[in-house]
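One structure below.
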Amino acid sequence: MTDLFDTTQINSMTLANRFVRSATWEGMAADDGVVTPRLTDIVTNLAAGGVGLIISGHSYVLPEGQAGPKQMGIYKDDLIDGLTSMTDAVHKAGGKMVAQLAHAGTFAAETLTRTPPHVVSVYDGLSKTPRHELTLSDIENLVSAYVRAAERAKEAGFDGVQIHAAHGYL
């Protein structure tokens with residue numbers, strides 16, 4: 001039988017064990033999505049405590065895709081330094097880290113984004129507030145944003161990416 005403490009592989013990524021911290025929303029980034037020392041500390045402590053793989057909290061790929069306050073962002077190059085400091089600390093503590101990329105879609109926080117939430121169709125069945133139906137141009141922009149976010153994640157030292165595209169997210 002496989003032991004939880006055995007090393008394992010995900011493609012070319014070797015994990016020290018089979019303990020994975022799934023993505024959450026910590027609410028510990030700065031208002032503009034910048035990684036804070038508090039956020040770095042929590043993931044570093046997880047790695048130091050023996051978690052083999054940490055999946056970051058859902059990180060918004062476009063400003064209008066932010067789900068909540070103090071959510072980590074990955075939507076612009078200015079965020080790379082903070083992300084790099086965080087991944088460096090996790091690696092130094094013996095862990096691996098994957099960036100979860102997201103656009104909150106119908107659940108985007110209009111109070112933060114100042115734009116109507118984006119949906120695949122005008123009627124999403126979830127809200128009576130106005131929604132913005134995606135155009136072909138919007139979809140192309142969203143795809144490009146995910147590509148750029150994945151490139152930023154790679155540059156910042158993440159060991160992989162995970163795309164959050166469930167329950168109304170885009």
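Residue numbers (our numbering): 1 to 170.
Note that CB positions come from ideal geometry on N, CA and C, so glycine has one too.
At what residue ranges does the segment 18 to 89 contain a whole run of the beta strand (DSSP E), taking only runs of 3 or more? 53 to 55
Backbone CA spacing between threonine 36 and isoleucine 139 [nearest angstrom]: What you label residue 36 is simply residue 36 of the sequence shown in a count that begins at 1. What you label residue 139 is simply residue 139 of the sequence shown in a count that begins at 1. Cα-Cα distance, rounded: 31 Å.
Proximity of alanine 67 and alanine 16 at Cβ, strictly below 8 Å: As a working note, residue 67 is residue 67 in the sequence shown. As a working note, residue 16 is residue 16 in the sequence shown. In this structure, alanine 16 does not lie closer than 8 Å to alanine 67 by Cβ.
Have a look at Arg18, Ala156 and Val51 and flag the residue whose alpha-carbon is nearest the alpha-carbon of isoleucine 10. As a working mapping, residue 10 is identified with position 10 in the sequence shown. The residue with the shortest Cα to Cα distance from isoleucine 10 is Arg18.
Could you check the C-alpha separation between glycine 94 and alanine 48 for me, to the nearest Å? Within the sequence shown, numbered from 1, the residue matching residue 94 stands at position 94. Within the sequence shown, numbered from 1, the residue matching residue 48 stands at position 48. When rounded, the distance between both Cα atoms is 7 Å.
Taking the DSSP output, what are the residues bridged to valine 98? By 1-based counting over the sequence shown, the position of residue 98 is 98. Ile55 and Gly160, per the DSSP bridge assignment.
Do histidine 132 and histidine 58 have their CB atoms nearer than 8 Å? Reading the sequence shown from its first residue, position 132 is the one you call residue 132. Reading the sequence shown from its first residue, position 58 is the one you call residue 58. When the beta-carbon positions are compared, histidine 132 and histidine 58 stay at least 8 Å from each other.
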